[in-house]
Amino acid sequence: MKRKNIFILGIALLMVLIPRAVWASEGASPESNAIAIDAVWTLLAAFLVMFMQPGFALVEAGFIRAKNAANIIMKNVMDFAAGSIVYFLIGFAIMFGIDKAGIIGLSGFGMSGTFEHLGLSFPIWVFLMFQTVFAATAATIVSGAVAERIKFGSYLIFSVLITAVIYPVVGHWIWGGGWLASLGMIDFAGSTVVHSVGGWAALVGAFLLGPRLGKYSKDGKAAAIPGHNITLAALGVFILWFGWFGFNCGSTVSGTSPDIGLIAVNTNIAAAAGAVGAMLYSWIKYRKPDVTFTLNGALAGLVGITAGCASVNPMGAIIIGLLAGVLVTVSVQFLDNKLRIDDPVGAISVHGVCGAFGTAMVGLLAVDGGLFYGGGASLLLTQIIGIAAVFVWVIVASFIVFGAIKAVMGLRVSEEEELGGLDINEHGMNAYADFMIKS
Amino acid sequence: MKRKNIFILGIALLMVLIPRAVWASEGASPESNAIAIDAVWTLLAAFLVMFMQPGFALVEAGFIRAKNAANIIMKNVMDFAAGSIVYFLIGFAIMFGIDKAGIIGLSGFGMSGTFEHLGLSFPIWVFLMFQTVFAATAATIVSGAVAERIKFGSYLIFSVLITAVIYPVVGHWIWGGGWLASLGMIDFAGSTVVHSVGGWAALVGAFLLGPRLGKYSKDGKAAAIPGHNITLAALGVFILWFGWFGFNCGSTVSGTSPDIGLIAVNTNIAAAAGAVGAMLYSWIKYRKPDVTFTLNGALAGLVGITAGCASVNPMGAIIIGLLAGVLVTVSVQFLDNKLRIDDPVGAISVHGVCGAFGTAMVGLLAVDGGLFYGGGASLLLTQIIGIAAVFVWVIVASFIVFGAIKAVMGLRVSEEEELGGLDINEHGMNAYADFMIKS
Amino acid sequence: MKRKNIFILGIALLMVLIPRAVWASEGASPESNAIAIDAVWTLLAAFLVMFMQPGFALVEAGFIRAKNAANIIMKNVMDFAAGSIVYFLIGFAIMFGIDKAGIIGLSGFGMSGTFEHLGLSFPIWVFLMFQTVFAATAATIVSGAVAERIKFGSYLIFSVLITAVIYPVVGHWIWGGGWLASLGMIDFAGSTVVHSVGGWAALVGAFLLGPRLGKYSKDGKAAAIPGHNITLAALGVFILWFGWFGFNCGSTVSGTSPDIGLIAVNTNIAAAAGAVGAMLYSWIKYRKPDVTFTLNGALAGLVGITAGCASVNPMGAIIIGLLAGVLVTVSVQFLDNKLRIDDPVGAISVHGVCGAFGTAMVGLLAVDGGLFYGGGASLLLTQIIGIAAVFVWVIVASFIVFGAIKAVMGLRVSEEEELGGLDINEHGMNAYADFMIKS
Amino acid sequence: MKKIEAVIRPGRFEELKVALKTQGVTGMTTYNVMGRGKQQEVKQYYRGQELQVDLFPKLKIEIGCPDEQVEKIVQLILEICKTGQIGDGKIFIYPLEEVIRISSGEKNLDAL
Amino acid sequence: MKKIEAVIRPGRFEELKVALKTQGVTGMTTYNVMGRGKQQEVKQYYRGQELQVDLFPKLKIEIGCPDEQVEKIVQLILEICKTGQIGDGKIFIYPLEEVIRISSGEKNLDAL
Amino acid sequence: MKKIEAVIRPGRFEELKVALKTQGVTGMTTYNVMGRGKQQEVKQYYRGQELQVDLFPKLKIEIGCPDEQVEKIVQLILEICKTGQIGDGKIFIYPLEEVIRISSGEKNLDAL
Ligand SMILES: Nc1ncnc2c1ncn2[C@@H]1O[C@H](COP(=O)(O)OP(=O)(O)O)[C@@H](O)[C@H]1O
Ligand SMILES: Nc1ncnc2c1ncn2[C@@H]1O[C@H](COP(=O)(O)OP(=O)(O)O)[C@@H](O)[C@H]1O
Ligand SMILES: Nc1ncnc2c1ncn2[C@@H]1O[C@H](COP(=O)(O)OP(=O)(O)O)[C@@H](O)[C@H]1O
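Protein chains in written order, with my numbering: chain A, 1 to 439; chain B, 440 to 878; chain C, 879 to 1317; chain D, 1318 to 1429; chain E, 1430 to 1541; chain F, 1542 to 1653.
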C-alpha cells in the first residue's frame, strides 16, 4: 500500500463499514487537509462545549438543597435532550437560515434545503453540531435561577421555546448575518448571544416565580440557604472552565486560525482573574474568602471574556476577569437584597450581568477598535446597542412565554411540594436515598 | 529558522528530549499531514473513550447502595487496569492478528511481529490505544449487572477473560476481517461488538449470581432498591455522552473522513431522543418522569445509534433513539418482573438489548442498503445473523467462564457480607466514612 | 466560493467577528497545515492538562474529612487561578526567558519582548497556554500533603511563589535550555520537573506543619483517618488518568510527531500496571485489596512513566508502572510510620518519590541509551544528578519560603479551628450543609 | 425535672427555635429521625417498581427543663407546629432524674 | 405508658416494621446509631493503618405505647430480630409520663 | 437501672470510649446531634448573607447501666470531657425500667 493513497486508507478491515465517499478520493491536498483540520477542531470544540452541560448541572445541583438535586439534574438532562432535537428541527433554521430583513432566518427547517449561503468548507453537520451545543448552553442557564420551585413540565416547555425561538433570533442578529452583525457588533463566542440571553430569561423566570419559601423573613431580610454539595459545585466550575476552551477557541470554527492560542490564554486568564477578584472582594467584605462567590467569580470571568476573547490582549483579559469577579458578587447581593429576586445559583448575575459587562468591555479594550486603544467610541456604542436590543427582546419574549405558561398551567409547585422537595414530589424519589438528610 | 522546516521544529529546547525520528524528516507533505490528522483524531477519540470509564463507574456507583460504592469503583478501576494489560498481551492479537478461517486472529501476541495486514497509515500504537479503550468498555459493562453481590476476585477473573478472549473473538468476526465482516455486517462503532457483548455477559453473570438479598419478597414481588447518588449517576451519564463522541466519531479512525460531522450529529440526537423517549414513557406509565429511566434512556439511545451512526440520517437517528429509550424501560421491567434477573443498573437492557436493537435497525434505516430505503432485506438479514451469532457465542462462553469460576472459587459473597456491604467486607473500609448512612 | 480559498473561509457570517489576519492568507500549504496540526494538538493537550486540576481537587477532597472539603477545593481553585496569572507575569519568563548561565531565564516578564529563541512555529500563546497548565500542576500537588491544617492565606502565598519561582527554575534547568538540559537529562513530560518539584515542596510543607491532631496517639502509633468520599476520589483519579494523555502526549508539542501513539500506550499501560501493582501488594500485605492504595498506585504509574514515556517501550512502561505501584504503598507506610510525616493524600509518595523513581528508570529502560539496552551508565548518572539537584533546590527553597511564612504569619490554624474544621472556620460554611456528618 | 421530646415537621423548626428563645429556652438537642404515627403510606415508583413510603422525615427536639416550664414549652410547640393535619408530630414527656453541666460540674436546676 | 427503645440490626428492620403493622402498631420513630454491647472489635486496615472498629451501625426504634402492649411488642422484636448471635441488639424500656398529639392536642392514650 | 445520656464535644469521644472500656463499660449507643445550651450564637456569612449558627454539632452517648455504676461513669465523663468552656456538654440521667438482650432474651442486670 503506497503512502500516497492515504485517503483509501483507514483500516482496511473497517472499510466495509464506511459507507460514504471519503473527503477527497482523488488524494490529499493542502486544501483538503486544511478543511479536515478545521472540521476536527470544530467538532472537538463542540464536544468540549457539550461537556459544559454536566458542568452546569453540578454547579446548580451543588448550590441548591439535597431535596431538589435529582430534579435539577433531570432539568439539565432534558433541556439538552429536548433542545438538541428542537434546535435541529427549528432553531438552526431561524438562526442560520436565509436572512429576512436582518431579523430572522427562515429556511432550512429540519436541516432541509441548502446552507450554501453560509459558505462553509466542511459539511454542514459539523457546524450544526457546534451550534447545537451552544444553543443548549443558553437554555441550561435558566434552570439554576428558577431552581427549587418551578414545575418540571413548565420548565421543559420554556426550555424548548428558548432553544427553538428566543435564542436563535438573537443568534441570527449577531452571528447569522442579522442587523447587529451588520452594525459590526463584536460578540466573538457569545457573552451576549449565549450568556446574556440565558441570564435575562433567568431573570424573568425568577421574577415571575417569586422567591423560595423561607428565603425572606417576615421583615424582608434575605436568608442564606446553603447549597448541599460544594465539592460537586466546584467540580462543575472546573468542568465549565475546561469546556469553555471549546466554547471560545472553537468559535473560530477553524483550527487553522492563528488566533486559537491567544483565545485560549485570554479565556484562561480571565477565569483566573475572576476567581481572584471575587475571592479578594468577599475576603475584604465578609472577613472570610467566600467559596461560592469565588466559584461564581471564575464563571463570571469566563462569561466576561467570551465576547472579546479574540479581540483583547491578556492584560485586557485580566482586567475584564477581575472586574467581572467583583461585579458578580455585587450583583448577587443586589438581586438578593435590593431587587429581592431569588436566584439560588447566581445565574442572572454570572450570565446576564457579566455577559453584558463583557460585551461592553470589548468596546473599551478591543486592541483593534476599542476606546482605550484609540479606536473611538463607535465600537462601544455598537456594543451597547447590541446589549440593549438583546435585553429588550429576551425580557419581552420571556415574559410572554413564561407568562403564558403561568396562565395556562402554572409555574410553581405547591407549597407542600416545595417544602418536601421536588425530588420526591415531582419524580417520586430521592437523590441520596442512603444518606440522612439534615432538615 | 525557516517556515518550511516545520518538521524539525517543535521547541528547540525540548528537542533534546524527543528521542525518535519525526514523522517525515524530509518535510511536510499533504500525505504526511493527512496521516497526522488521522492519528491526532484517533488518539483524541481514544482519550474520550477512555474517559467513559469513570462514566460507567459513576452510573454504576450512583445506582447502587452506598455500602457497595467503593467496591464498584474498585471493580471499574481494575477492569480497565487489568484489561489494558491483558488486551495488550493477548486480546489485540486475537482480534487483529492474522485471520484464521474467519474465526480468530492468531498473530502478534504482546504486540510482537507485524501488523502490516491492517494497512494502517499511522503507527500501530495509535490503533492499539484506540482498540484498548474499546475493549475496556465491553468489560466494564458487566460490573453494573453483577454489582452488590459478586466476589471481587471472581469478578476480576471474568473481567480479564472477557477482555482477553470473549470480546476479541467477536471483534475479529466483525472488525478484524472475520466471517461477519465478510458477510457485510454493519456495526460501525460497536452496538454489537462492544455493547451487546458486555450486555450478554452481564446477563449470564446476573443470572448465575441470583438476585440481591431483599430484591424479591417471599411472594416474588420485586422491590425497589434505590441508588445512593443520583447526582453522580447523572454526571456519569453526561460523561458517557461526552465520551461517546469519541466512540462513534473516532471509529472512522480518520479525521480526514468527511463523515465525522454527521456521525457526531447522529450520536447526539439519538442520545437526546433516547432520554426523551424514556422520560415520556415513564411519565405516562408511572405518572411521574422517572429520573433513572431517563438517564438509562440517554444511554440506550447512544448504544442504539452506535452501529448505524455512519449509515443513517439524523431522522433515522431520532427514530432509533426514541425507540431505544422506550425499549430500555420496557426491558428493565421485563427482566425485573418476568425473568427475575436482578440487574441493579440496567446494564443488560441498555447494552445487551439496545445494542442488538440498534444493530438490527441499521438493516431498516441505513440510507444505503436499509429496507426502508429500498435496499431490500439482505442487510437486515445479515445484521440479524450477526446479532444472533454474537449472542450465542457470548452466552456460551460466559456460561463456561462464570460457571467455572463459580465451581472453583464461588461467585457470590456470603449473606452476612452482602448485608454488611462489600466495601467493609471486601476492602475493609467505607466509601463515605464521615456520613451517616441510612439503613 | 472556490475550494482552494479555504483560508478565507470559516463561516462567512462569523467573519466579521474574527478580527485578525488568518494563518496564511495566501493559501494553505503543507507547512501551514503542519503548524496548524501542531498548534491544535498542543492546545487540546493543554486543555486536557488543565482538566487535571479538578482531578487533583477531587482526589484530595475525597481522601480527607468532610469538614475540610470546601477548604481544599478552594485551595485547588485558587492555586490554579493565582498560578495562571503569576506564571504569565513572572514564571514563564524565568523558565523560558533568555538563559543566564544555565541557571535561570530572565527575559519576557509579562510576556513582553521576543521569544524567538524558542524557535516555535506556532504563536507563543499556544506554548504559554501549555506551559501554564503544567506550572499549575506542580503547585497543586502541595495542597494535598498540607491539607486539613494549613492556613488558607499561608498556603496561597506559598502556592504563588512555587509557580512564580521554585518551579520555573527547575523548568529552566531541564526544559528551558539550562544546565541539566545540556547534560542530556531526559524528563520528557516532567516526572521530575513537575511531579518531584510538587512532591518535595509538599514534603517540606507537611514536615513544617506537623501531623494532624489525632494522627498519632500518645505512644506514637499512627491512626487511620479515613477519607470522606472515595467515589469522588476515584473520579479524580480517572480524570487525572484522562488528563495525563494530554500531559504526556502533548509534551511533543507536535501533533505531527510520530511518537504520540507510543506515548499514549506507554502512559496508559503504566497507569494500569501501577494500579495492579498497588492492589496486589496491598492484597497480600493486608489481606484485602486496598482501594485508596490502588488509586494511588494508578497515579504512581502515571507519575513514573512521565519522564520516559517517549523513551521506553510498553514492556518498560509496564515494569515502571508495577514497581511504582508497589513503591507508593511502601513509601506511604514509611512516611506514616517511620518518618511520622503526615501526608493525608499520599502526595509526597506519589509525586515526589515516584517522580524521582520514574526519572531514574529512564536511565535503565530507555531503549536508546538505557543501561538495560546496552547504553551504559552515563544516562543513568545524568538522571540521578538531575534528580538530586532538583531535590536539593526544592527542599532548600521550600524551607526558606515555608519557613518565612511560618515566622511571619504562621502556617497552621489553631487547634480549635482544626477540630471544628477548616470549612467553617476559614470560610464560614460547610461543604455538605444538608447532610449529617459523623463525628 | 422533665425531658420533653417533640417529633415535628422539619419545616417548622426554625420558627419554633426562635419562639423558644424568646421564652428563654435555648438548651436543646435536635436530630433527624424517620417516623410514622397514623400518617398514611405513600406509593412511589422507582424504576417502575412500587415503593411504599411509610416512614417520613421528622425532626426530634429534646429539651430538659424544670417541671414548671413543661406546660409553657408544650403550649409553644402546639402553637407553632400545629397545622391540624396528620403528620404534625407528637410530644413525649419523660421523668428526668439528674442533669449535670460538664463544663462546671453544676447539677440539676443549676445545670439547665 | 412506656417507651420501648430497641437497638437492632439494620437488616432486620423491614420485617419488623411489617410485623408490627399487622399487630396494629404503626407509631414509631427510628434513626441510625452506632453502638456496641459485648460485640467484639473488628480489625480493619485503611491505607495500611490498623483501624479498630468497635462501634457498629445499628438502627434504633422508639415506640411509645400503653403499658399492656409492651409485652406483645417485646415478643415480636425478640421473634424477628433474634439470630442468637451477639450483636442482635437490646431493648430498653422507660417510663413515659405524657404524650400529646400535636395535630389535635389529644393526650396520652388518645394520642398513641 | 439508669440510662446515662451525655451530650459531648465530638472531639472528646475517642478518649472517652477508651477510658470507659478500661472501666469495663463497653455497652453504649452513640449518634450525632445538633444542640445548644448557653453557648453563644456565631455569625457566619454565606454568599454575603448573614447566617446565625446557633446549633452546634455534638455527639450523644447513651449508656444503660446498673444504679451503682452511674457515679463512676459520670466522673469519667466529667474528667475527660471537661475543658471548662461553655459547650462542653451535659449529662442527663433517666430511670430505666427494663433491659432485654435480644440474642439471648436475658433481662435487666444480666442483659447489661
Ligand atoms: N407511638 C409512637 N411512638 C414513637 N414515635 C411516634 C409514635 N407516634 C408518632 N411518633 C412519631 O411522631 C411523628 C409524627 O407523628 P404523626 O404522624 O403526627 O402522629 P399521629 O398521626 O399519630 O398524629 C412520627 O413520624 C413518629 O416519628
Ligand atoms: N449498656 C448499653 N447501653 C446503651 N446501649 C447499649 C448497651 N448495650 C448495648 N447497647 C446497644 O445495643 C446494640 C446491640 O448490642 P449487642 O452488641 O447486641 O449487645 P450485647 O452484646 O450486650 O448483647 C449496641 O450496638 C448498642 O447500640
Ligand atoms: N436543656 C437542655 N435540653 C436538652 N439538651 C441540652 C440542654 N442543654 C444543653 N443541651 C445539650 O448539651 C449540649 C452541650 O450544651 P452546652 O452548650 O455545653 O450547655 P451549657 O452551655 O448549658 O453548659 C448542647 O449542644 C445540647 O445538645
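For glycine and all other residues, C-beta sits at the position ideal for the given N, C-alpha and C.
Would you mind stating whether LEU1617(F) and ALA1560(F) have Cβ atoms separated by less than 8 Å?
Cβ atoms of LEU1617(F) and ALA1560(F): closer than 8 Å.
Is ILE669(B) close to ligand 2? I mean its beta-carbon at under 7 Å from any heavy atom of the ligand.
No, since every heavy atom of ligand 2 falls outside the 7 Å radius drawn around the Cβ of ILE669(B).
Flag GLY1472(D) as yes when its Cβ comes closer than 7 Å to any non-hydrogen atom of ligand 1, and as no otherwise.
Chain D is shown from 1318 up to 1429; residue 1472(D) falls before or after that span and cannot be answered.
Does any residue of chain E have a CB that is nearer than 8 Å to the CB of LYS877(B)?
Yes, LYS877(B) counts as interfacial toward chain E.
Run down chain I in chain order and give the residues with a C-beta less than 9 Å from the C-beta of GLN1590(F).
Going by chain labels, chain I is absent from the structure shown, which instead holds the protein chains A, B, C, D, E and F.
State the beta-bridge partners of ARG1431(D) as determined by DSSP.
In the structure as shown, chain D begins at 1318 and stops at 1429. Residue 1431(D) is therefore absent and cannot be evaluated.
Is GLU857(B) close to chain C, meaning its C-beta is less than 8 Å from at least one C-beta of that chain?
Not an interface residue.
So, helix, strand or coil for GLY616(B), using DSSP?
The answer is coil: DSSP assigns GLY616(B) none of H, G, I, E or B.
Would a C-beta distance cut-off of 8 Å place VAL581(B) and GLY629(B) closer than the cut-off?
Not closer than 8 Å, so no.
Just to check, is the beta-carbon of GLU1379(D) closer than 7 Å to a non-hydrogen atom of ligand 3?
Yes; taking the cut-off as 7 Å, the Cβ of GLU1379(D) has a heavy atom of ligand 3 nearer than that.
Does GLY1077(C) come within less than 8 Å of chain F when only Cβ atoms are used?
Not closer than 8 Å to any Cβ of chain F, the Cβ of GLY1077(C) fails to qualify, so no.
Count the CB pairs spanning the stretch 1283-1298 of chain C and the stretch 1053-1064 of chain C that are closer than 8 Å, and state whether there are at least three.
Cβ pair count under 8 Å is below three, so no.
If ILE1380(D) and GLY1344(D) are in contact, beta carbons under 8 Å, what's the gap, nearest whole angstrom?
Yes, ILE1380(D) and GLY1344(D) are in contact; Cβ-Cβ is about 7 Å, under 8 Å.
Taking 7 Å as the cut-off, is the C-beta of GLY1404(D) nearer than that to any heavy atom in ligand 5?
The model on display carries ligand 1, ligand 2 and ligand 3 but not ligand 5.
Ends of the alpha helix (DSSP H) at ALA234(A)?
ALA234(A) -> alpha helix (DSSP H) spans 230-249.
If the cut is a Cβ gap below 9 Å, which residues of chain B does TYR1362(D) touch?
The contacting residues are ALA663, SER721, LYS724, TYR725, ARG726, LYS727, ASP729.
DSSP three-state label for MET893(C), please.
In this predicted model, MET893(C) has a pLDDT of only 31, less than 50, meaning its place in the structure is not dependable; the value taken from the coordinates is given anyway. Three-state DSSP puts MET893(C) in a helix.
So which of ALA389(A), ALA181(A), ALA66(A) has the shortest CA-CA distance to SER196(A)?
Of the candidates ALA389(A), ALA181(A), ALA66(A), the one whose C-alpha sits nearest the C-alpha of SER196(A) is ALA389(A).
Return no unless some Cβ of chain A is closer than 8 Å to the Cβ of GLY1328(D).
By this cut-off, GLY1328(D) is an interface position.
Strictly below 8 Å CB to CB, what residues from chain D border THR670(B)?
Here the premise fails: no neighbours, minimum Cβ distance about 16 Å.
How would you label GLU1444(E), buried or exposed, when you count the other beta carbons within 10 angstroms and need 16 or more for buried?
GLU1444(E) should be labelled exposed.
Starting from VAL1436(E), follow its DSSP beta bridges and name the residues at the other end.
Note: VAL1436(E) sits in a beta bridge opposite LYS1489(E), LYS1519(E).
So, SER311(A) versus VAL328(A), is the Cβ gap smaller than 8 Å?
It is not a contact, given that the beta carbons lie outside the stated cut-off.
For TYR871(B), does the three-state DSSP call read helix, strand or coil?
Correct three-state label for TYR871(B): coil.
If you scan the stretch 141-204 of chain A from start to end, which runs of the alpha helix (DSSP H) of 4 or more residues do you find wholly inside it?
Entirely contained in the stretch 141-204 of chain A, the alpha helix (DSSP H) runs reaching 4 residues are, in chain order, 152-161, 167-175, 179-183.
Among the candidates GLU1535(E), GLY1477(E), ILE1520(E), VAL1482(E), whose CA atom is the shortest distance from the CA of ILE1643(F)?
That would be ILE1520(E), whose Cα lies nearest to the Cα of ILE1643(F).
Within this structure, are the beta carbons of LEU161(A) and VAL401(A) separated by less than 8 Å?
For LEU161(A) and VAL401(A), yes; Cβs fall inside 8 Å.
Can you list, in chain order, the residues of its chain whose CB lies under 6 Å from that of ASN1107(C), leaving out five sequence neighbours each side?
Result list for ASN1107(C): GLY940, in chain order.
Name the chain A residues whose beta carbon is nearer than 8 Å to that of ASN735(B)?
Ordered by position in chain A, no residue passes the 8 Å Cβ test against ASN735(B), which lies about 11 Å from the chain.
With distance defined between alpha-carbon atoms, name the residue in PHE495(B), ILE744(B), ILE537(B) nearest to ALA709(B).
The candidate whose alpha carbon is nearest that of ALA709(B) is ILE744(B).
Just mark SER990(C) as buried or exposed, buried being the case when its beta carbon has 16 or more other beta carbons within 10 Å.
By the 10 Å Cβ count, SER990(C) comes out exposed.
Could you check whether LEU1372(D) and MET1351(D) sit closer than 8 Å to each other, using their CB atoms as the reference points?
Closer than 8 Å, so yes.
Once you ignore the five residues that flank LEU861(B) on each side, which residues in its own chain have a CB closer than 6 Å to its CB?
Here the set comprises ASN507, ASN510.
In the DSSP assignment, the alpha helix (DSSP H) including GLU938(C) goes from what residue to what residue?
That run of the alpha helix (DSSP H) goes 930-941.
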